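Novice:
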Amino acid sequence: MSQKRVLVVGGTGYLGQHLLEGLSEIEGNPFDLAFTYHSFLPQSLVDAIPHSLAFHVDLESGQGFDAISHQFGQPHVVVNCAALSVPRACEKDPAAAMSINVPSSLVNWLLTLKDSDTLLIHLSTDQVYEGVKSFYKEEDETSPVNVYGKSKVAAEKFIFEKCPNFAILRSSIIFGPQTISPVPKSLPIQWVDGVLSKGDQVEFFHDEFRCPVYVKDVVTTVMILTNRWISEGKKMQLLLNVGGPDRVSRVQMAEAVAHIRGYDTSLIISVSASSVDRGVMSPPDISMDISKLVHTLSFSPTPFSDGVRWTLDSEAKISRP
Numbered sequence: 465m466s467q468k469r470v471l472v473v474g475g476t477g478y479l480g481q482h483l484l485e486g487l488s489e490i491e492g493n494p495f496d497l498a499f500t501y502h503s504f505l506p507q508s509l510v511d512a513i514p515h516s517l518a519f520h521v522d523l524e525s526g527q528g529f530d531a532i533s534h535q536f537g538q539p540h541v542v543v544n545c546a547a548l549s550v551p552r553a554c555e556k557d558p559a560a561a562m563s564i565n566v567p568s569s570l571v572n573w574l575l576t577l578k579d580s581d582t583l584l585i586h587l588s589t590d591q592v593y594e595g596v597k598s599f600y601k602e603e604d605e606t607s608p609v610n611v612y613g614k615s616k617v618a619a620e621k622f623i624f625e626k627c628p629n630f631a632i633l634r635s636s637i638i639f640g641p642q643t644i645s646p647v648p649k650s651l652p653i654q655w656v657d658g659v660l661s662k663g664d665q666v667e668f669f670h671d672e673f674r675c676p677v678y679v680k681d682v683v684t685t686v687m688i689l690t691n692r693w694i695s696e697g698k699k700m701q702l703l704l705n706v707g708g709p710d711r712v713s714r715v716q717m718a719e720a721v722a723h724i725r726g727y728d729t730s731l732i733i734s735v736s737a738s739s740v741d742r743g744v745m746s747p748p749d750i751s752m753d754i755s756k757l758v759h760t761l762s763f764s765p766t767p768f769s770d771g772v773r774w775t776l777d778s779e780a781k782i783s784r785p
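When we follow this note's numbering, the leftmost residue of the sequence shown carries the number 465, and every step to the right adds one.
1. Do you know how far the Cα of G526 is from the Cα of W573?
2. Select from I637, F763, T589, L575 the residue whose C-alpha is nearest the C-alpha of R711.
3. If you scan the segment 508 to 548 from start to end, which runs of the beta strand (DSSP E) of 3 or more residues do you find wholly inside it?
4. Quick check for students: name the residue ranges of the beta strand (DSSP E) that lie wholly in the segment 678 to 726, counting only runs of 3 or more.
5. My understanding is that K626 touches V566, with C-beta atoms under 8 Å, so please give their C-beta distance in whole angstroms.
6. Suppose you measure from the CA of K680 to the CA of H482; what does that come to, to the nearest Å?
7. From the DSSP output, in three-state form, read off Y593 for me.
8. Indicate whether S645 and S508 have their beta-carbon atoms separated by less than 8 Å.
9. Nearest-angstrom Cα distance between R773 and L703?
10. Using 8 Å for Cβ pairs, my map puts S488 next to S516. What's the rounded Cβ distance?
11. Quick check: what's the CA-CA separation for S746 versus G613?
12. Given a cut-off of 8 Å on the beta-carbon distance, is the pair D753 and K601 in contact?
13. Which stretch, first to last residue, makes up the alpha helix (DSSP H) that contains P496?
14. Taking S734 as part of the beta strand (DSSP E), name the residues at either end of that continuous run.
15. Measuring straight from C-alpha to C-alpha, what distance separates R469 and D496?
16. Hey, would you say K501 sits closer than 8 Å to A512, going by beta carbons?
17. With a cut-off of 8 Å, do at least 3 Cβ pairs link the segment 668 to 685 to the segment 722 to 740?
18. Give me the Cα-Cα distance between P641 and L689, rounded to the nearest whole angstrom.
19. Taking only three categories from DSSP, how would you classify R634?
20. Which residue marks the beginning of the alpha helix (DSSP H) containing L471, and which one marks its end?
21. Under 6 Å Cβ to Cβ from W693, same chain only, skipping five residues before and after it: list those, please.
22. Kindly indicate the opening and closing residues of the beta strand (DSSP E) around E667.
Okay, here's the thing in structure tokens:
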């Protein structure tokens, strides 16, 4: 059987790097791998995954996709992790948020390929929900409160209208170990650990709820969908909430880190999200019902406390001399 080709769009980002690492470690190397990057190509990533091809692509113009067709060939699966995902940055530049987060150049390129039967796995967000109740289901109305959420709703709509074969994954906060080439943005668990380790009091919101998902569970979700498409060949039009099994506040997230590390929980000061102006509206409760994910993929995501423990364990290994 010939090798199946998987392309990770946004391969130098947090999830992209974890995906490339996970796909490259599968026994027997069943996939030819390629990935796109925008700003710069980290040498450590190239060294760690030497059998992958890297392509410079501009998602706004679509420049670079033709090179993938010529040098890599038509991918069997494309995973789109690329996004302008900082809500404040999206608020400041709505045009950029729309042009990057709605994958029009990517989808239009896929539609030019033979049979247009590549599976597109697209990362969306829990911020498509308004945040006024707990445990949103996939069929609930999308009514985002900020530009980031609106751009992601527009992306979903575009994919639904144009793509014959896709899975949209509405992910919550993704947390886990640092990447092969460290990403510039602060990682949630590592940040909490860093501030609490200094012994200073820090404010956390008690009234903002999420279902954070361990990064390796998102990788597993992508792998299950990839294998299903390759083995069964049945086109899908799937929308899944991809969160962890626990609805937690920011305070509870910090407490989980404190309990595992043995920090004094009196350092965690509980405040209302309404007491801070972050320059962007943030939905209060976008916890998600993940029963469709569990049922459809026969897979149960990691409990939050276990994911936090594994994340902190991996950081301890990195920092040891």
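Cβ coordinates follow ideal geometry from the N, Cα and C atoms, glycine included. In this text the structure is predicted, and so the values were computed from the model without any measurement.
Specialist: Reading it off the structure:
1. If you number the sequence shown from 1, residue 573 lands on position 109. If you number the sequence shown from 1, residue 526 lands on position 62. Cα-Cα distance, rounded: 8 Å.
2. Taking the first residue of the sequence shown as 1, we reach residue 711 at position 247. Considering only alpha carbons, the answer is I637.
3. List check, beta strand (DSSP E) in window: 517 to 520, 541 to 544.
4. Whole beta strand (DSSP E) segments, 3+ residues: 701 to 706.
5. Position 162 of the sequence shown, counting from 1, holds the residue named residue 626. Position 102 of the sequence shown, counting from 1, holds the residue named residue 566. Not really, about 11 Å apart at Cβ, beyond 8 Å.
6. Start at 1 with the first residue of the sequence shown, and residue 680 comes out as number 216. Start at 1 with the first residue of the sequence shown, and residue 482 comes out as number 18. Approximately 7 Å, taken between the alpha carbons.
7. Along the sequence shown, one-based indexing puts residue 593 at 129. The three-state secondary structure of Y593, taken from DSSP, is coil.
8. Within the sequence shown, the letter at position 181 stands for residue 645. Within the sequence shown, the letter at position 44 stands for residue 508. Yes.
9. In the sequence shown, counting from the first residue as 1, residue 773 sits at position 309. In the sequence shown, counting from the first residue as 1, residue 703 sits at position 239. Spanning the two alpha carbons is a distance of roughly 30 Å.
10. If you number the sequence shown from 1, residue 488 lands on position 24. If you number the sequence shown from 1, residue 516 lands on position 52. Their Cβ separation, rounded to whole angstroms, is 7 Å, which keeps S488 and S516 in contact under 8 Å.
11. Along the sequence shown, read from residue 1 onward, the residue named residue 746 stands at position 282. Along the sequence shown, read from residue 1 onward, the residue named residue 613 stands at position 149. The alpha-carbon atoms of S746 and G613 are separated by roughly 10 Å.
12. As a working note, residue 753 is residue 289 in the sequence shown. As a working note, residue 601 is residue 137 in the sequence shown. Against a cut-off of 8 Å, the Cβ pair of K601 and D753 comes out as a contact.
13. Reading the sequence shown from its first residue, position 32 is the one you call residue 496. The amino acid at residue 496 is misidentified as Pro; the sequence shows Asp. Looking at the DSSP string, D496 is not in any alpha helix (DSSP H); the run it does join, the beta strand (DSSP E), is 495 to 501.
14. Within the sequence shown, the letter at position 270 stands for residue 734. Start and end: 732 to 735.
15. Translated into positions along the sequence shown, residue 469 becomes position 5. Translated into positions along the sequence shown, residue 496 becomes position 32. Distance between the alpha carbons of R469 and D496: 5 Å.
16. Here the question's residue 501 lines up with position 37 in the sequence shown. Here the question's residue 512 lines up with position 48 in the sequence shown. One detail in the question is off: residue 501 reads as Tyr in this sequence, not Lys. No, Cβ-Cβ distance for Y501 and A512 is not below 8 Å.
17. yes
18. Residue numbering aside, residue 641 sits at position 177 when the sequence shown is read from its first letter. Residue numbering aside, residue 689 sits at position 225 when the sequence shown is read from its first letter. Roughly 23 Å separates the two Cα atoms.
19. Residue mapping note: residue 634 aligns to position 170 of the sequence shown, counting from 1. If DSSP states are grouped into helix, strand and coil, R634 belongs with the strands.
20. Stepping through the sequence shown from its first residue, residue 471 is reached at position 7. That residue, L471, is in no alpha helix (DSSP H); its beta strand (DSSP E) goes 468 to 473.
21. Against the sequence shown, residue 693 aligns to sequence position 229. L583, listed in sequence order.
22. For the purposes of this step, residue 667 is taken as the residue at position 203 of the sequence shown. Residues 666 to 669.
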